[in-house]
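Enquirer: Got a structure for you, questions after.
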Amino acid sequence: MSEPMSDPTHQDRYTVISADCHAGADLLDYRPYLESRHHEAFDDWAATYVNPYEDLLADTADRNWNSGRRIAELEEDGIVAEVVFPNTIPPFFPSASLMAPAPTREEFELRWAGLRAHNRWLADFCAAAPGRRAGVFQILLNDVGLAVEEIRRSVEAGLTGGLMLPGTPPGSGLPELYSSAYDPIWAVCAELGVPVNHHAGSASPPLGEEPAARAVFMVETTWFSHRALWHLVFGGAFRRHPGLRLVLTEQGSGWIPGVLDMLDYYHSRLVAAATKAETAESKFGAGLADAMGKGPSEVWRENCFVGASFMRPHEAALRDRIGLDKIMWGSDYPHDEGTHPHSREGLRMAYAGLPRDEIAAMVGGNAARVYGFDLERLGRIAARVGPTVQELDEPLKEAPAGATSPVFAPGGSVRVW
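Straight run, no breaks: the sequence shown in my numbering ends on number 452.
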C-alpha cells in the first residue's frame, strides 16, 4: 500500500484540493464544440428544450462555466484546485448526463456527439486555469470501440481527471460492469494511467416521480453506485489490468470497511466451496479464484480510492480502516449539498484534532497523487488562501447559519452505506 501524500510545500496552511466539483457549459455554448453536421439538429433541439433544474436557471448558474468567478469563490473557500465532474445539460440529453439513462440505438449518435462536445468544452475550461483543474471526461458504454477512441483523445486534449464511468442499472440493456466486454476500456485507462471515476447518482434505475419513489431514490442511490466496486472486483478487471485505478465519489465512505469485510467473506466462502464436490454452493464459486485473482480487501488497498465528499466525523474516525492514503475530500461545489461557502467549517467538522500530516493527505495530498496535481505549485497559492493549521485544529461548535451541506446535519452517522 502506498503512503498517503501530505503537503510539503508550506508550514502554516493546508493545500486543499476538492476531489468533487461540477461544471459544464451553458446550453447554447456547447454549439461550437459540436461537429458542424449536428448544428441544425442542435438548433432544433435547443429551441424547444426546457431545463428541469432550478439551480441551472438561477442567477448563480454561471458558477458552472464562469472561470473567473469560480476560481475566486473556491479560493475564498480555501480551495486551490478541483476535480471537475459534469453538471449542466449536454446537447441532445433529456437531463444532466450523470442521471440520464443509457441512450437507445436511435438516440446514440446524437447523445454521443453531445458528450464529446462536453469533453471538448471541458478541455478548454481546464486550460483556462492551468494546473488547477482535473477534468473528468465522459463516455457511453454502448460502443466500446468508440469509447476507447474518446478516452485517448480526451487524455491527449489535456483532461487529467480520468474517465467518468456510467452506471449499468437494472433495465439499462447494457452488459453489467463485471462483463469482459469492457476490457478494452479498463486496458486503455490502465495504459494511460488515468483513473476510472464512478460518481453517485449514475447507476440508479428509474423509479418514477411519486413521493415514495423520490424517497427510495435517496435511500438507495449510493448503494447502486457502490455496485461498481464489487462488479469490477469479482469480474477480475484488476487481475487483468493491475494498473487500473477506481475512484468512488460522493457515495460516502463509512460503508467501506463493512462492505470489504462482507466481500472478503463471500470471496473466501465461494472459493472454498468451489473446491468441494457437488455441494449446493460449489457452482457459485466455480472459476472465481482464477477469474478475479486477489481478494477484495487486497484489491481495495492496491487499486481503489474514495472521493469522500463533505466527509463527516464518524467517517474520519474510520480513516485507518478505509485507508488513510485512499481518502480524498471534496466540496461538491457548486451544488446545494456542497460545503461552499463554508468549506473551512466543513473541514473543521470532520478533521479537527487529527494529526496534521493525516489532514494534509486527506484534504489534498492524496488527490494530488491520484490526479497528477503539482503540490509545490499549488502550495504557493495555498500559502495565500488555504485554511491555516490552527484554524482546522479548532473543533466546530455549531453549524454556520444557512449551511445546507449534510456534513452539518445531525444524524448522518446512521447511514449504513
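Virtual Cβ for every residue (Gly too), placed ideally from N, Cα, C.
I need the straight-line Cα distance from residue 136 to residue 202, nearest angstrom please.
Expert: Between residue 136 and residue 202, the C-alpha separation is close to 9 Å.
Enquirer: Spatial neighbours of residue 204 within its chain, please: C-beta separation below 7 Å, excluding the five flanking residues on both sides.
Expert: Contacts found: 238, 239, 240, 259.
Enquirer: Identify, in the order they occur along the chain, each residue of the same chain with its Cβ nearer than 6 Å to the Cβ of residue 206, setting aside the five sequence neighbours on each side.
Expert: So the list reads 240, once near-sequence residues are dropped.
Enquirer: Have a look at 99, 109, 355, 84 and flag the residue whose alpha-carbon is nearest the alpha-carbon of residue 90.
Expert: Nearest option by C-alpha distance: 99.
Enquirer: Please confirm whether residue 381 and residue 443 have their CB atoms less than 9 Å apart.
Expert: Against a cut-off of 9 Å, the Cβ pair of residue 443 and residue 381 comes out as a contact.
Enquirer: Whole angstroms is fine: what's the gap from residue 467's alpha carbon to residue 274's?
Expert: An answer regarding residue 467 cannot be provided, because it is not within the stretch 36 to 452 covered by the chain.
Enquirer: Between which two residues does the alpha helix (DSSP H) harbouring residue 317 extend?
Expert: Unbroken alpha helix (DSSP H) run through residue 317: 317-320.
Enquirer: Classify residue 121 as helix, strand or coil using the three-state DSSP reduction.
Expert: It is a strand residue.
Enquirer: Report the partner residues of residue 363 according to the DSSP bridge assignment.
Expert: 342, per the DSSP bridge assignment.
Enquirer: Hey, could you find the ends of the beta strand (DSSP E) residue 168 is sitting in?
Expert: Counting along the chain, the beta strand (DSSP E) containing residue 168 begins and ends at 168-170.
Enquirer: For the beta strand (DSSP E) holding residue 256, just list the boundary residues, first then last.
Expert: Element bounds for residue 256: not the beta strand (DSSP E) but the alpha helix (DSSP H), 246-269.
Enquirer: Mind checking which residues open and close the beta strand (DSSP E) that includes residue 58?
Expert: Start and end: 52-58.
Enquirer: Looking only at its own chain, which residues have a Cβ that is under 7 Å from the Cβ of residue 179, when we skip the five neighbours before and after it?
Expert: Counting only Cβ-Cβ distances below 7 Å, and skipping sequence neighbours, we find 216, 217, 219, 220.
Enquirer: In this structure, does DSSP put residue 183 in helix, strand or coil?
Expert: Here residue 183 sits in helix by DSSP.
Enquirer: Name the DSSP bridge partner or partners of residue 173?
Expert: In DSSP, residue 173 forms a bridge with 199.
Enquirer: Could you check whether the Cβ of residue 53 sits closer than 8 Å to any heavy atom belonging to the ligand ZN?
Expert: Although the ligand ZN was asked about, the structure shown includes no ligands whatsoever.
Enquirer: At a cut of 8 Å, does the region 427-438 reach the region 81-95 through at least three beta carbon pairs?
Expert: No contact exists between the region 427-438 and the region 81-95.
Enquirer: Spell out the partners DSSP gives residue 370 in its beta bridges.
Expert: Answer is none; residue 370 lacks a bridge partner.
Enquirer: Are three or more beta carbon pairs between the region 371-379 and the region 308-320 nearer than 8 Å?
Expert: The region 371-379 is not in contact with the region 308-320.
Enquirer: Tell me where the beta strand (DSSP E) around residue 232 begins and ends.
Expert: That run of the beta strand (DSSP E) goes 231-234.
Enquirer: Give me the DSSP bridge partner(s) of residue 423.
Expert: Beta-bridge pairing links residue 423 to 48.
Enquirer: Counting C-beta neighbours from all protein chains within 10 Å, is the total for residue 300 16 or more, i.e. buried, or is it exposed?
Expert: Exposed: under 16 other Cβ atoms inside 10 Å.
Enquirer: Could you pull out every residue in the same chain whose Cβ sits closer than 7 Å to the Cβ of residue 42, ignoring the five residues on either side in sequence?
Expert: Caution applies to residue 42, whose pLDDT of 49 falls short of 50 and renders its modelled position unreliable; the value that the coordinates give is listed next. For residue 42, where only same-chain residues beyond five positions count, the Cβ hits under 7 Å are 49, 50, 395, 399, 400, 410, 414.
Enquirer: Which two residues bound the contiguous alpha helix (DSSP H) that contains residue 145?
Expert: 143-162 is the span of the alpha helix (DSSP H), which, as asked, contains residue 145.
Enquirer: Could you compute how far the alpha carbon of residue 429 sits from the alpha carbon of residue 392?
Expert: Cα to Cα, the separation comes out at about 16 Å.
Enquirer: Rounded to whole angstroms, how far is the Cβ of residue 35 from the Cβ of residue 55, which I believe are closer than 8 Å?
Expert: Any answer about residue 35 is impossible in this case: the structure gives the chain only from 36 up to 452.
Enquirer: The alpha helix (DSSP H) that contains residue 83, what's its start and end?
Expert: Where residue 83 is concerned, the enclosing alpha helix (DSSP H) stretches over 74-83.
Enquirer: What would DSSP say about residue 116, mapped onto helix, strand or coil?
Expert: Strand at residue 116.
Enquirer: Determine the direct distance from the alpha carbon of residue 190 to that of residue 450, and round the result to whole angstroms.
Expert: Straight-line Cα distance between these residues: approximately 36 Å.
Enquirer: Tell me residue 283's beta-bridge partners as DSSP assigns them.
Expert: DSSP output for residue 283 lists 233, 341 as bridge partner(s).
Enquirer: With DSSP run on the structure shown, which of helix, strand or coil describes residue 101?
Expert: The answer is coil: DSSP assigns residue 101 none of H, G, I, E or B.
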